[in-house]
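Student: Going by the working numbering, the sequence shown runs without a break in its numbering and finishes at 358.
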Amino acid sequence: MKRNIWWLSVIGIIILLLIILIAFATGNSNEDISKKSKRAKMSIAVDAIIAQPSLLVNSISVTGSLVAFDEVELKSETSGRIVSLNLDEGNHVKEGTLLVQLFNDDLQAQMKKLQAQHQMQQQIVNRQGELLKVNGISQDDYDQSVFQLNALSAEIEIQKTMIRKTQVLAPFDGVIGLRHVSLGAIVNSSTLLATIRSEDKLKLDFQVPEKYGSLIKPGMNVQFTMYNRETVYKATVIATERKIDANNRNLKIRALVVSKAEELIPGAFANITLSLSENPNAMLIPTQSVIPQEKLKKVIVAKNGKAHFVTVVTGVRKETTIEIVDGIQPGDTVIRTGILFLKEGDLLTYQSVTSAEL
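In structure tokens:
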């Protein structure tokens, strides 16, 4: 009898526990349903934009340096002593101006000797030519005299070249830089005399990442600014290197500076903006409107007052905006705030709705 009472007690306790568990589960279910019902009835305040086509300028910013269009180191082709020096620092010179003269009196004397010999040999050839007409001299003797005359002419040309090598001329119109020698100095072909650079033109050298290399074409416009200056200067791309630099995977670009200004000097640092392309019908939205996921990106579009998640394909990214290549259409209402709290189908209340012309 006691044993039966004990079993009845155990069964009663088990039944009571089951009743409590069922009641608890039912309560939670009702609570969840209540929460979902409340969320369905409650709208979430958001800011939105109306997607519209707008102009997108795809540009990159890089750094570069100004370079003289022409710049060379002035050196002598031969060794000697400087007897004349016309290297005034900062002086403007014309092409062909004599800048440095080395001692060449010995060469000049040798030139006079050769010229005298040439003149004498010319007279001999003339006389022998008259004799040849009356058979007063053999053809071989005459040919020998002509050969000697031509040999003297060649020696004179060689001597002129040697004399020219004692002179350093301005290779182009330009400005003399710092002078490194003085009058009377003994110099050779490795001695730096001074530098000269052209002043009327400047080049702008810079590099762009490899992925932009195919977009750079001669004739493209370049804008740049100088350190601590707000003035915007202009240049035009004239050439690109024909290979990618293996060290940094960049492509070297050279542009011709169009702007004229005294503050533009070779070697100066430049901040460069290069416009790669323009799209007048780009769909731009704020960057914060895009929800990045593992393999795709989404934005929230409002339809009939409810939130709908749309998969998009993005393009060019700017500081505050991003291009949407596919996924939204002109006139779509794109949510820009509160996106972390929204779920599919949530009711929306608009705090503000603006145009996408950002």
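Each residue gets a CB set at the ideal place from its N, CA and C atoms; glycine is no exception. Just so we're clear, the structure is a prediction, and the values are computed from it rather than from any experiment.
Classify ILE14: buried if its beta carbon has 16 or more other beta carbons within 10 angstroms, exposed otherwise.
Tutor: exposed
Student: Rounded to the nearest angstrom, how far is the Cβ of LYS371 from that of SER259, given a contact under 8 Å?
Tutor: Outside the modelled stretch of the chain, which goes from 1 to 358, sits residue 371, for which no answer is possible.
Student: For the alpha helix (DSSP H) containing GLU77, name the first residue and the last one.
Tutor: Premise fails: GLU77 is in no alpha helix (DSSP H) and is neither H nor E.
Student: Measuring CB to CB, does LEU66 end up less than 9 Å from ALA239?
Tutor: no
Student: Taking Cβ to Cβ, would you say VAL168 is nearer than 9 Å to LEU74?
Tutor: yes
Student: Closest to HIS308 by CA distance: which of THR314, VAL299, LEU284 is it?
Tutor: VAL299
Student: Between which two residues does the alpha helix (DSSP H) holding GLY327 run?
Tutor: According to the DSSP assignment, GLY327 belongs to no alpha helix (DSSP H), since it is labelled neither H nor E.
Student: Is HIS92 helix, strand or coil by DSSP?
Tutor: Shown here, HIS92 sits in a strand according to DSSP, grouped into three states.
Student: Pull up the distance between the alpha-carbon of THR231 and that of VAL46, whole angstroms please.
Tutor: 41 Å
Student: According to DSSP, what are the bridge partners of ASN221?
Tutor: THR236
Student: On a CA-only basis, which of ASN304, SER43, LEU18, ILE60 is nearest ARG317? Give me that one, please.
Tutor: ILE60
Student: Thinking C-beta only, is VAL93 closer than 9 Å to ILE216?
Tutor: no
Student: Could you check if SER76 is buried or exposed, using at least 16 other CB atoms within 10 Å of its CB as the buried criterion?
Tutor: buried
Student: Would you mind reading off the limits of the alpha helix (DSSP H) that contains VAL125?
Tutor: 105-133
Student: So which of GLN329, GLY305, MET120, ASN304 has the shortest CA-CA distance to VAL312?
Tutor: GLN329
Student: For HIS308, which residues does DSSP report across the bridge?
Tutor: VAL301
Student: What does the alpha-carbon distance come out to for the pair LEU102 and ILE163?
Tutor: Cα to Cα, LEU102 sits roughly 9 Å from ILE163.
Student: If distances are taken between C-alpha atoms only, which option among VAL257, GLU323, GLN123 comes closest to ALA68?
Tutor: Selected option, being the one with the closest Cα: VAL257.
Student: Would you call the CB atoms of ILE335 and LEU348 closer than 9 Å?
Tutor: yes
Student: Quick one: give me the first and last residue of the beta strand (DSSP E) that ASP208 is part of.
Tutor: Sequence check: residue 208 is Val here, not Asp. Counting along the chain, the beta strand (DSSP E) containing VAL208 begins and ends at 202-209.
Student: DSSP three-state call for VAL146: helix, strand or coil?
Tutor: helix
Student: Is the Cβ-Cβ distance between GLY177 and ASP70 less than 9 Å?
Tutor: no
Student: State the DSSP-derived secondary structure class of LYS252, mapped to helix, strand or coil.
Tutor: strand
Student: Can you list, in chain order, the residues of its chain with a C-beta nearer than 6 Å to that of PRO280? Leave out the 5 residues immediately preceding and following it.
Tutor: LEU55
Student: Output the distance between the C-alpha atoms of VAL208 and VAL72, rounded to the nearest integer angstrom.
Tutor: 27 Å
Student: Alpha carbon to alpha carbon, how far is THR97 from GLN378? Give it in angstroms, no decimals.
Tutor: No information on residue 378 is available, as it lies outside the stretch 1 to 358 that the chain covers here.
Student: Relative to the C-alpha of ILE265, which residue among LYS203, THR161, GLN122, ASP105 is closest?
Tutor: LYS203
Student: Starting from ARG197, follow its DSSP beta bridges and name the residues at the other end.
Tutor: GLU71, VAL175
Student: Look up GLN52 in the DSSP assignment and say whether it is helix, strand or coil.
Tutor: In the structure shown, GLN52 falls within a coil segment according to DSSP collapsed to helix, strand and coil.
Student: Comparing C-alpha positions only, which one of ASN247, VAL237, ALA268 sits nearest to ILE253?
Tutor: VAL237
Student: Reducing DSSP to helix, strand and coil, say where SER153 ends up.
Tutor: helix
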